[in-house]
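A short worksheet on the structure shown next.
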Amino acid sequence: MDTSDILKKVRRIEIKTRGLTNHVFAGEYHSAFKGRGMSFSEVREYQFGDDVRAIDWNVTARFNHPFIKVFEEERELTVMLLVDVSESSSFGTQKQRKRDLITELCAVLAFSAINNNDKVGVVFFSDGLEKYIPPKKGKSHILFIIRELLSYKPKKKGTNITETLRFFNNAAKKRSIVFVLSDFLSDSYQDALNIAAKRHDVVGMHVYDPRDKELPAVGLIQVKDAETGLQQWIDTNDKQVRDYYNQQFSQHAQYCRNAFLKSGAELISIRTDEDYVKALQTFFLNRT
Numbered sequence: 001m002d003t004s005d006i007l008k009k010v011r012r013i014e015i016k017t018r019g020l021t022n023h024v025f026a027g028e029y030h031s032a033f034k035g036r037g038m039s040f041s042e043v044r045e046y047q048f049g050d051d052v053r054a055i056d057w058n059v060t061a062r063f064n065h066p067f068i069k070v071f072e073e074e075r076e077l078t079v080m081l082l083v084d085v086s087e088s089s090s091f092g093t094q095k096q097r098k099r100d101l102i103t104e105l106c107a108v109l110a111f112s113a114i115n116n117n118d119k120v121g122v123v124f125f126s127d128g129l130e131k132y133i134p135p136k137k138g139k140s141h142i143l144f145i146i147r148e149l150l151s152y153k154p155k156k157k158g159t160n161i162t163e164t165l166r167f168f169n170n171a172a173k174k175r176s177i178v179f180v181l182s183d184f185l186s187d188s189y190q191d192a193l194n195i196a197a198k199r200h201d202v203v204g205m206h207v208y209d210p211r212d213k214e215l216p217a218v219g220l221i222q223v224k225d226a227e228t229g230l231q232q233w234i235d236t237n238d239k240q241v242r243d244y245y246n247q248q249f250s251q252h253a254q255y256c257r258n259a260f261l262k263s264g265a266e267l268i269s270i271r272t273d274e275d276y277v278k279a280l281q282t283f284f285l286n287r288t
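This is the structure in structure tokens:
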């Protein structure tokens, strides 16, 4: 895509995802992700039903009438998007590629965050760290992130979730909301995920294509591993071949589910031909 095409696509994504955050997810993001604590706001006169534990005894004694302390949530949070830009994310056979879906999900989450005055940062990763965009506020920052998601060309092809989580664990100085958006075609990231989930609020977004899971019976075809470059001919009419392919996907998916469950983090699975709005709504509502 040239620059004009990228800008047009940024605009389309902005219109769609800002509409979702303003009308569909309004308030749900705020309820799902709590602030860092409560800070004192003001005092007001006691009203029937107020918690007596909130009475400000100094002000009450001064005016000879009960007053209570009012607290408000310290809202500002930092949202970090850890985005898989490996070659496997470019795969797609239905409505869109995995990377297209990941871009829209990032845009929805980012606009939801800035609507709540939160900062948003991004880590692009493949075999290791590809690009780091520090957390900032504002619409222009989010549009920059979307442009980068659309135009960035990774230097490497593979997927290394462990190194990405290690980088983030070392770089992040305060607790953040962390979304890891990937097809998770990588194993052995349990230890790094455990550490991240203890320090941060971690949510995995497992994005996959229907053909990641099942092969159609279309005869002899040549397939290529997007990350290793390995090519081979396979007979898709052979049920054993199709069963093995499905088994490999299921093993990766099960490892992913177990890893997030053991760490105390959360995981959402979203398929490229499904409506991600319903999946996000369910997730947000389940956290409230």
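Take the UniProt record's numbering: the final residue in the sequence shown is number 288, and no numbers are missing along the way. Beta carbons are placed, not taken as given, at the ideal position from N, Cα and C, and that holds for glycine. Since this is a predicted model, take the numbers as computed values, not measurements.
Cβ-Cβ distance between residue i and residue j below 8 angstroms
{"i": "Phe-124", "j": "Val-83", "result": "yes"}
{"i": "Val-85", "j": "Tyr-152", "result": "yes"}
{"i": "Arg-44", "j": "Phe-67", "result": "yes"}
{"i": "Glu-266", "j": "Thr-159", "result": "no"}
{"i": "Ala-172", "j": "Ile-142", "result": "no"}
{"i": "Asn-117", "j": "His-30", "result": "no"}
{"i": "residue 300", "j": "Ser-112", "result": "Beyond the ends of the chain as shown, which are 1 and 288, falls residue 300; an answer cannot be given."}
{"i": "Ile-177", "j": "Lys-139", "result": "no"}
{"i": "Thr-272", "j": "Lys-16", "result": "no"}
{"i": "Asn-194", "j": "Ser-263", "result": "yes"}
Inter-residue spacing [alpha-carbon to alpha-carbon] between residue i and residue j
{"i": "Thr-182", "j": "Asp-5", "result": "The sequence shown places Ser at residue 182, not Thr. Each residue's alpha carbon lies about 25 angstroms from the other."}
{"i": "Arg-175", "j": "Glu-87", "result": "30 angstroms"}
{"i": "Gly-121", "j": "Asn-237", "result": "46 angstroms"}
{"i": "Ser-186", "j": "His-252", "result": "7 angstroms"}
{"i": "Asp-51", "j": "Ala-192", "result": "43 angstroms"}
{"i": "Pro-210", "j": "Gln-254", "result": "16 angstroms"}
{"i": "Ile-145", "j": "Lys-98", "result": "17 angstroms"}
{"i": "Arg-18", "j": "Asn-246", "result": "37 angstroms"}
CA nearest to the CA of residue i, picked from the options
{"i": "Pro-135", "options": "Ala-61, Ser-263 and Lys-119", "result": "Lys-119"}
{"i": "Tyr-208", "options": "Ile-145, Gln-222, Ile-102 and Lys-278", "result": "Ile-102"}
{"i": "Ser-250", "options": "Gln-47, Phe-184 and Arg-18", "result": "Phe-184"}
{"i": "residue 294", "options": "His-206, Asn-286 and Gly-229", "result": "With the chain running from 1 to 288 in the structure shown, residue 294 is simply not present."}
{"i": "Glu-104", "options": "Phe-33, Lys-69, Tyr-245 and Leu-81", "result": "Leu-81"}
{"i": "Ser-126", "options": "Asn-117, Pro-154 and His-141", "result": "Pro-154"}
{"i": "Arg-166", "options": "Phe-144, Lys-157 and His-200", "result": "His-200"}
{"i": "Val-108", "options": "Tyr-244, Leu-129, Phe-179 and Ala-61", "result": "Phe-179"}
{"i": "Leu-215", "options": "Phe-260, Tyr-132, Glu-274 and Asp-243", "result": "Asp-243"}
In DSSP terms, what residue i is bridged to
{"i": "Glu-45", "result": "Phe-67"}
{"i": "residue 334", "result": "Look at the range of the chain in this structure, 1 to 288, and you will see that residue 334 is not part of it."}
{"i": "Ile-55", "result": "Ile-68"}
{"i": "Ser-269", "result": "His-206"}
Complete beta strand (DSSP E) runs within the segment 103–155 (minimum length 3 residues, chain order): 119–125 and 129–136
Unbroken stretches of the alpha helix (DSSP H), 4 residues or longer, contained in the segment 181–256: 190–199 and 210–213
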